[in-house]
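One structure below.
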Amino acid sequence: MTTTLLELRGLDLPQAGAGRRVGWTLESGGTGLVCGPPGTGKTACLDLVSGQRRAAPGQVFLAGQDIGRLGAPARARAGIARSLAGDAVLGGLSVLDHVCLALRRRLGRGPGLFARRSGDWELLDSAERLLQQVRLLALAEQPARSLGRAERRRMDLAMLMAQEPRLYVLDAPLAGLDGAGAAAMRDLLAGLSAAGATLLLALRDPRDLDLQGQTILQLAPPGETGDD
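Heads up, the sequence shown is in full-length UniProt numbering, so the first residue is 1 and it goes up one at a time.
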């Protein structure tokens with residue numbers, strides 16, 4: 001038996017084809033693909049889900065709760081983990097430091113970064129396990145800014161995994177990756193899906209992924225009709 005985790009009701013996306021309003025559901029454990037060419041509102045749709053924008057008009061429900069009035073931090077606490085399309089890193093921090101920071105945020109331990117200095121070996125072990133899952137353990141001590149684009153995407157995914165979210169929201173996770181980088185990311189997303197994670201991804205082409213429980217929200221350019 002499946003349950004609805006995410007529901008969109010009457011979201012106004014002017015880019016989504018003649019200003020039509022979007023209604024859509026995503027089941028727990030499924031994968032939702034928000035697809036369409038550039039300028040059709042894929043990122044805007046993800047922003048409305050994760051709280052970077054407020055739905056007006058329209059409603060966003062998470063596990064039956066209307067979260068439309070919540071900002072991005074509150075939605076993160078409710079279990080929505082958002083990855084952005086960019087590849088930003090924090091100063092000169094190492095790959096391991098980034099994942100430790102994400103773990104500390106989930107555990108409510110404040111912004112302290114250097115687990116080794118505080119003797120937090122359990123947190124360090126957790127961070128290293130996450131890096132092993134995304135195949136970055138060998139680069140744990142490297143400055144994150146030294147990583148290539150594909151490696152940064154995998155680090156970012158490890159930071160999302162550290163949050164143990166109810167819903168992963170990823171904007172263009174395959175954009176700009178070469179063949180090997182895209183294949184590695186597909187494998188990691190497939191692993192999350194197989195483990196029961198719920199994923200919401202923005203992609204240009206739905207053929208870029210083939211995951212279990214996959215549903216598609218197709219957005220169309222203005223003047224055209226998209227099919228949900």
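For glycine and all other residues, C-beta sits at the position ideal for the given N, C-alpha and C. None of the values given here were measured: they were computed from a predicted structure.
Apart from the five residues just before and just after residue i, which ones in its own chain have a Cβ nearer than 8 angstroms to its Cβ?
i	result
aspartate 205	Cys35
aspartate 66	Gln59 and Val60
Spatial neighbours of residue i within its chain, please: CB distance less than 6 angstroms, with the 5 preceding and 5 following residues excluded, ordered by chain position.
i	result
alanine 81	Leu160, Gln163, Pro165 and Tyr168
aspartate 156	Ser83
glutamate 141	Ser94
Measuring alpha carbon to alpha carbon, tell me which of the options ends up nearest residue i.
i	options	result
leucine 137	Ala183, Trp121, Ser94 and Asp178	Ser94
residue 250	Asp125, Glu122, Asp187 and Glu141	An answer regarding residue 250 cannot be provided, because it is not within the stretch 1 to 228 covered by the chain.
leucine 209	Ala220, Ser193 and Leu139	Ser193
leucine 219	Gly68, Gly108 and Leu33	Leu33
valine 49	Gly39, Ala63, Pro37 and Pro38	Ala63
leucine 139	Asp178, Asp97 and Ala197	Asp97
residue 231	Gly51, Asp47 and Phe61	With the chain covering only 1 through 228, there is no way to say anything about residue 231.
arginine 106	Glu122, Gly79 and Leu131	Gly79
alanine 44	Leu147, Leu211, Leu201 and Gly176	Leu201
alanine 127	Ala190, Leu147, Val99 and Ser146	Val99
arginine 207	Asp178, Leu174 and Gly191	Leu174
tryptophan 121	Arg104, Pro38 and Ala190	Arg104
My understanding is that residue i touches residue j, with C-beta atoms under 8 angstroms, so please give their C-beta distance in whole angstroms.
i	j	result
proline 57	glycine 92	In fact, because the Cβ distance is near 44 angstroms, the residues do not count as touching under 8 angstroms.
serine 83	aspartate 171	6 angstroms
alanine 102	arginine 135	Wrong, their Cβ atoms sit about 17 angstroms apart, outside the cutoff.
threonine 31	glycine 213	6 angstroms
alanine 72	glutamine 59	That pair is no contact at about 17 angstroms.
valine 89	arginine 152	7 angstroms
threonine 198	leucine 5	5 angstroms
residue 303	alanine 158	Any question about residue 303 goes unanswered here, given that the chain covers just 1 to 228.
leucine 203	leucine 189	In fact, because the Cβ distance is near 11 angstroms, the residues do not count as touching under 8 angstroms.
Using three-state DSSP, classify residue i as helix, strand or coil.
i	result
glycine 32	strand
aspartate 227	Confidence is the limiting factor: at aspartate 227 the pLDDT is only 48, short of 50, which leaves the residue's position unreliable, though a coordinate-based value still follows. The answer is coil: DSSP assigns aspartate 227 none of H, G, I, E or B.
proline 206	helix
glutamine 133	helix
glycine 17	Its pLDDT being 49, under 50, glycine 17 is placed unreliably in this model, and the coordinates cannot settle the point.
residue 229	A question about residue 229 goes unanswered here, because the residues of the chain that appear run from 1 up to 228.
valine 60	strand
aspartate 178	coil
glutamate 164	coil
aspartate 66	strand
glutamine 218	strand
glutamate 128	helix
Any beta-carbon of chain B closer than 9 angstroms to the one on residue i?
i	result
glycine 79	No chain B is part of this structure, which consists of one protein chain only.
Please work out which residues of its chain come closer than 7 angstroms, Cβ to Cβ, to residue i, disregarding the five sequence neighbours upstream and downstream, and give them in chain order.
i	result
arginine 21	Gly10, Leu11, Asp12 and Gly58
arginine 77	none
glycine 176	Arg149
alanine 195	none
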